[in-house]
Amino acid sequence: MTANLIVKRAAAPVREQVTGTIRTEIIEGRFEPGRRLTERELTELLGVSRTVLRESLRQLESEGLITLVPNKGPIVRSLTMEEATELYRIREALEGLGARLFAERPTPSGIASLEDAFDKVERAYQGADTQRILEAKNAFYDAIHAGADSQALSKMLATVLAQIWRWRAMGISHPSRSRDRSRQSVTNLRDVVNAVRAGDGDRAEAAARREVQVAAAEVMRLLSRPSG
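Take the sequence shown: its letter number 92 is residue 91 in numbering that gives the first Met the number 0, and every next letter is one higher.
Structure (structure tokens):
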């Protein structure tokens with residue numbers, strides 16, 4: 000288990016910080032699927048009470064990241080193929096809506112942020128560094144969500160994305176991923192930028208949905224491959 004999970008008490012309510020810290024450990028793979036998380040270790044590592052920790056664990060359970068098993072405690076959840084398929088379909092609809100809302104109400108500053116984020120996506124793909132690509136694509140989608148200006152949409156997407164983070168990383172980093180898929184991703188995101196710039200909600204939504212569709216297809220292809 001990670002040895003230095005530090006909670007800074009001044010920045011935000013302690014429970015929110017604890018929840019965020021554990022969430023990050025899970026979605027970035029340091030707390031792997033199937034792992035049992037003991038309350039004793041977590042309270043010692045985080046320096047918080049069991050009351051605060053249990054509130055955080057209930058929140059993470061509601062997000063689908065852990066399962067609270069009687070007499071065993073919290074266990075990091077694994078997603079089934081069926082769950083992954085459903086989550087990607089939900090993500091497709093939400094990302095499409097976000098792109099549409101942004102295109103219908105574009106602002107100069109929002110477009111500039113999106114264009115800057117897209118430039119970083121292009122450079123990240125050229126470098127073929129998985130972590131940089133993920134960070135750049137996250138920033139790109141953050142720019143879309145900010146432009147959509149919908150708190151409800153952002154909250155729903157955050158819940159979905161937390162559950163599929165590992166799958167997204169696998170889809171980008173797997174050795175069998177083709178260069179064509181990387182080029183396709185850049186093309187789809189460029190289409191989103193151009194549609195938002197043009198104020199074309201239909202085209203923005205279609206391009207955003209297309210990118211999630213092909214990302215989902217890639218993940219499902221990899222998951223269906225026989226192991227070994």
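Backbone N, C-alpha and C fix where the C-beta goes; we use that ideal spot for every residue, glycine too.
If you check the beta carbons only, do residue i and residue j fall under 9 angstroms apart?
i	j	result
Ala203	Val191	yes
Val229	Leu188	Only positions 0 to 227 of the chain appear in the structure, and residue 229 is not among them; the question remains open.
Gly198	Ile143	no
Met219	Thr18	no
Ala161	Glu62	yes
Pro73	Glu38	yes
Leu78	Pro32	yes
Ordered along the chain, which non-local residues of its own chain (more than five positions away) have a Cβ less than 7 angstroms from that of residue i?
i	result
Gln183	Val213
Glu60	Thr66, Leu67
Ser149	Leu100
What number of angstroms, rounded off, separates the C-alpha of residue i from the C-alpha of residue j?
i	j	result
Gly146	Leu100	8 angstroms
Tyr87	Val211	7 angstroms
Thr20	Glu43	14 angstroms
Asp201	Thr158	25 angstroms
Leu41	Phe30	12 angstroms
Gly28	Arg165	7 angstroms
Ala216	Arg57	32 angstroms
Ser153	Asp141	9 angstroms
Asp128	Lys71	38 angstroms
Ala205	Met80	25 angstroms
Arg14	Asp179	44 angstroms
Ser48	Pro69	20 angstroms
Gln130	Ser223	24 angstroms
Ala194	Glu82	31 angstroms
Arg209	Leu221	19 angstroms
When the Cα of residue i is compared with those of the options, which residue comes out closest?
i	options	result
Ala123	Asn137, Ser112, Ala111, Ile110	Asn137
Ile163	Pro107, Gly95, Arg22, Arg209	Arg22
Ser230	Gln150, Ala205, Ile132	The structure shown has nothing for residue 230, since the chain only spans 0 to 227.
Val185	Met80, Ser149, Gln125	Gln125
Leu156	Arg209, Ala135, Ile89	Ile89
Please return the same chain residues whose Cβ sits closer than 6 angstroms to the Cβ of residue i, not counting the five positions on each side in sequence.
i	result
Arg34	Val75
Glu94	Ala207, Val211
Arg196	Ile110
Arg167	none
Ile26	Ala161, Trp164
Leu36	Pro73
Ala151	none
Ala135	Lys119, Val120, Ala123
In chain order, what residues of the same chain lie with their CB nearer than 8 angstroms to the CB of residue i, ignoring the 5 residues before and after it?
i	result
Phe139	Leu113, Ala116, Phe117, Lys119, Val120, Leu188
Let me see if you follow: with CB-CB separation under 9 angstroms, is residue i close to chain C or not?
i	result
Ala83	Of the chains in the structure shown, none is chain C; there is only one protein chain.
Kindly examine the ligand NAP and report whether one of its heavy atoms sits closer than 8 angstroms to the Cβ of residue i.
i	result
Glu91	Ligands displayed in this structure: none; no statement on the ligand NAP is therefore possible.
### Cβ contact (3+ pairs, closer than 8 angstroms) linking the segment 97-111 and the segment 37-54
no
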